[in-house]
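**Student:** Residue numbers (my numbering), protein chains in the order written: chain A, 7 to 217; chain B, 7 to 217. Dropping the structure in here first, questions after.
Protein chains: 2
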Amino acid sequence: MPRPRSLTPLQIAEAALAVLDADGPGALSMRAVAARLGMGTMSLYRYVEDRSQLEELIVERVLEPVDTTVPDGDWKQQLLALSERVRRAVAAHPNAVPLTAAHRQSSPSLLRWSESVLGVLTAAGLTGRARVVAMRAVLAHLLGALELEHRAPLAGEGTRRMAALPAEDFPLLAATARDAAAVPSPEEFRLGFELLLAGLDGLVASQARSG
Amino acid sequence: MPRPRSLTPLQIAEAALAVLDADGPGALSMRAVAARLGMGTMSLYRYVEDRSQLEELIVERVLEPVDTTVPDGDWKQQLLALSERVRRAVAAHPNAVPLTAAHRQSSPSLLRWSESVLGVLTAAGLTGRARVVAMRAVLAHLLGALELEHRAPLAGEGTRRMAALPAEDFPLLAATARDAAAVPSPEEFRLGFELLLAGLDGLVASQARSG
DNA sequence: CAATGTAGGCGTATGCCGTACGCTGTCAAG
DNA sequence: CTTGACAGCGTACGGCATACGCCTACATTG
C-alpha cells in the first residue's frame, strides 16, 4: 500500500547521461542529476544506493544498445564486428568513456557481449588457457583503443604537441606524430584490431595442431 | 634574496606516492600529502599549481625508473622487453594505475620510452602510417593490459563472480572464468603481447613487400 | 652587522561534493 | 475513511580543492 515510484531506473540513467553528455564529467553530481529530474537531491537516493550505482546505471545505458548477436562472416570478421559495435556505442558518449571502463564489470550487456565473443573464439577452435588469453587480449585491446581514441585522439592536442617536440631529442616521435594526424579514428581502430586478429590466427593454428 | 625552498619536487612526489601506496586512491588529497610532509595544506601550493600537477609528479615518479634504452634481441624481443619494463614499474604501485593512464602524456620518461619503441619499429622496417598504427596498437594493448591486470585480475573477485554465473545463460563465460584463475598475470601479459607481436610481424612483412 | 624585500609557510574562508537523518505529505490497500 | 509504508526533501555534516592575504625567515645588499 505504499506510494508508487514516479521514475524508472532508465529515466534516471537517461537524465544522468544527459548531464554527462552536455556538461562533461566534472558536472556529473547527484545534485545535477536530481535537478535535471526536477527532484530534490536526496530524492535521488530513493532510486540509487549511492553515486557509484548511478554510474553503473549510466554505463548500462551506454552499453545496452550493443547488438550482442553473433554477426555473419568468418570468426575474424565476427570479432571485428562485435568489437566495432562496442566502439560505436561508446563513441556516442565520449564523456562516459572513463565510467564505462570503470564499471564495465557490472554491465549485463557487456556480459552478454563477452559470452558472444567467447562463442566465436570457441567456434574458431580455442579452449582452455588459449581461450582465456585470447578473450583477455581482445578486451585489453578494446579498452586501450577506446581510451586512446577518446582521451588522446590521433587528430588531437596531444599529437600536435608531440609533433612539435624538439627533433634532436625525439626525431621519431615528432615525425610519427605528424604522420598520425592523417589517420582517421575508425581506420586506426580497424587496422589496430586486425593486428590482434592476425595474432589470434596464429594461436588458432597452433592450438589446431596441438589439439 | 628570498627564503630557499625546503622541498624538492621529488620529495613531493615521494610523499604523495607514499600516501597513495599506503591508503589507496581515495585517501590521496592535498591535505593528506601536506600532512605527510609536515606542512600546512596551503604550503603545498608553493610547489604545485594544483592537484592535477601533483598527480603528474606522482606519475613521473612511477615511470622514471623505466629503463628506456633498447634491449638486446630481435625487434619482437625488444618490444616485449620494453613493454615488460613499463609493466613492472607500474606494478610496483598498483594504486597509481588510473593516474598513470590519465597523465601518461605529461611524463618525460614515457616520451623517451615511446621514442625507443619507435626506434625498434623503424628498425624493423615500419614507416609512415604503418608505424603510426603499430605504435598505437602497442600503446593500446599495454594500457588495456595494465587496466585489466590491476583492476580486474584473472585471479580476482570479478573472475570468481563470473565463474559463478548461471551456466544456462553464460556457459562459456563461466567455464572460461574457471580456467582463468589458473593463468598467472605475468604469463597473461606475455602471451597477450605475443599475439600482438605476431600481428606486427605480418605488418612488417607486408610493408617489406610493398616498400 | 643592520636593513630590505622576496617568497615560504599557513590560517581562514568559500563553494563544491556525497550523503546521513528525520520530517511531511501522499496514496493504495483494507 | 483510516492507515501506514514510503516517496520526496530540507537541513546539516564532514571532506574536498583552492583563493586570498597575513606574518616572517632569510639571502642579499649596503
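Yeah, the Cβ is synthetic: ideal placement off N, Cα and C, and Gly gets one too.
I want to see whether chain B comes within less than 8 Å of A/VAL210, judged by CB atoms only; does it?
**Tutor:** Taking the first sequence and counting its residues from 1, the one referred to as residue 210 of chain A is at position 204. A/VAL210 does not count as touching chain B.
**Student:** Does the CB of A/THR128 have a neighbour CB from chain B at under 8 Å?
**Tutor:** By one-based count along the first sequence, residue 128 of chain A stands at place 122. Yes - at least one Cβ of chain B is within 8 Å of the one on A/THR128.
**Student:** Compare the C-beta of B/SER120 against all C-beta atoms of chain A and say whether one is closer than 8 Å.
**Tutor:** Translated into the one-based positions of the second sequence, residue 120 of chain B becomes position 114. By this cut-off, B/SER120 is an interface position.
**Student:** Does the region 94-101 of chain A come close enough to the region 133-151 of chain B that 3 or more CB-CB pairs lie under 8 Å?
**Tutor:** Touching, no.
**Student:** Would you mind reading off the limits of the alpha helix (DSSP H) that contains A/PHE176?
**Tutor:** Taking the first sequence and counting its residues from 1, one reaches residue 176 of chain A at position 170. It is not in any alpha helix (DSSP H) - A/PHE176 carries neither H nor E in the DSSP assignment.
**Student:** Less than 8 Å between the beta carbons of A/ALA187 and A/ALA158, yes or no?
**Tutor:** Taking the first residue of the first sequence as 1, we reach residue 187 of chain A at position 181. Taking the first residue of the first sequence as 1, we reach residue 158 of chain A at position 152. No. Outside cutoff.
**Student:** Is B/THR182 close to chain A? Criterion is C-beta to C-beta, closer than 8 Å.
**Tutor:** Numbered from its first residue, the second sequence carries residue 182 of chain B at position 176. So, interface residue.
**Student:** Can B/LEU43 and B/ALA21 be called in contact, C-beta distance under 8 Å?
**Tutor:** As a working mapping, residue 43 of chain B is identified with position 37 in the second sequence. As a working mapping, residue 21 of chain B is identified with position 15 in the second sequence. Yes, the pair counts as a contact, with Cβ atoms nearer than the cut-off.
**Student:** For B/THR133, which three-state DSSP category applies?
**Tutor:** Counted from its first residue, the second sequence places residue 133 of chain B at position 127. Coil at B/THR133, not helix or strand.
**Student:** Can you tell which of A/ARG137, A/PRO177, A/LEU171 and A/LEU179 has the C-alpha that lies nearest to the C-alpha of B/LEU178?
**Tutor:** Translated into the one-based positions of the second sequence, residue 178 of chain B becomes position 172. Per the Cα distances, A/ARG137.
**Student:** Where does A/TYR53 sit, in a helix, a strand or coil, going by DSSP?
**Tutor:** As a first step, residue 53 of chain A must be located in the first sequence, where it is residue number 47. DSSP places A/TYR53 in coil when its eight states are reduced to three.
**Student:** So, is the C-beta of B/VAL65 closer than 8 Å to a C-beta in chain A?
**Tutor:** In the second sequence, residue 65 of chain B corresponds to position 59, counting from 1. No, no contact with chain A.
**Student:** May I have the straight-line CA-CA distance separating B/GLU155 from B/SER191, to the nearest angstrom?
**Tutor:** One-based indexing of the second sequence puts residue 155 of chain B at position 149. One-based indexing of the second sequence puts residue 191 of chain B at position 185. Spanning the two alpha carbons is a distance of roughly 7 Å.
**Student:** Along the region 41-64 of chain A, where does the CB come closer than 8 Å to a CB of chain B? Name the residues.
**Tutor:** Listed by position along the chain: nothing, the set is empty.
**Student:** Would you mind working out which of B/VAL25, B/ALA180, B/LEU209 and B/PRO15 sits nearest A/LEU226, comparing C-alpha positions?
**Tutor:** An answer regarding residue 226 of chain A cannot be provided, because it is not within the stretch 7 to 217 covered by chain A.
**Student:** Going by Cα to Cα distance, which pick from B/MET36, B/GLN59 and B/GLY79 is closest to B/SER49?
**Tutor:** Taking the second sequence and counting its residues from 1, the one referred to as residue 49 of chain B is at position 43. The shortest C-alpha separation from B/SER49 is found at B/MET36.
**Student:** According to DSSP, is B/ARG9 helix, strand or coil?
**Tutor:** For this step, residue 9 of chain B is matched to residue 3 along the second sequence. In the structure shown, B/ARG9 sits in coil (DSSP, three-state: anything other than H, G, I, E or B).
**Student:** Report the option in A/ALA95, A/GLU193, A/ALA170 and A/ILE18 whose CA atom is closest to the CA atom of A/GLU72.
**Tutor:** For the purposes of this step, residue 72 of chain A is taken as residue 66 along the first sequence, with counting starting at 1. What sits at residue 72 of chain A in the sequence shown is Val, not Glu. The shortest C-alpha separation from A/VAL72 is found at A/ALA95.
**Student:** Of the residues that make up the region 82-109 of chain A, which ones have a beta carbon closer than 7 Å to any beta carbon in chain B?
**Tutor:** Cβ contacts with chain B come from ALA107.
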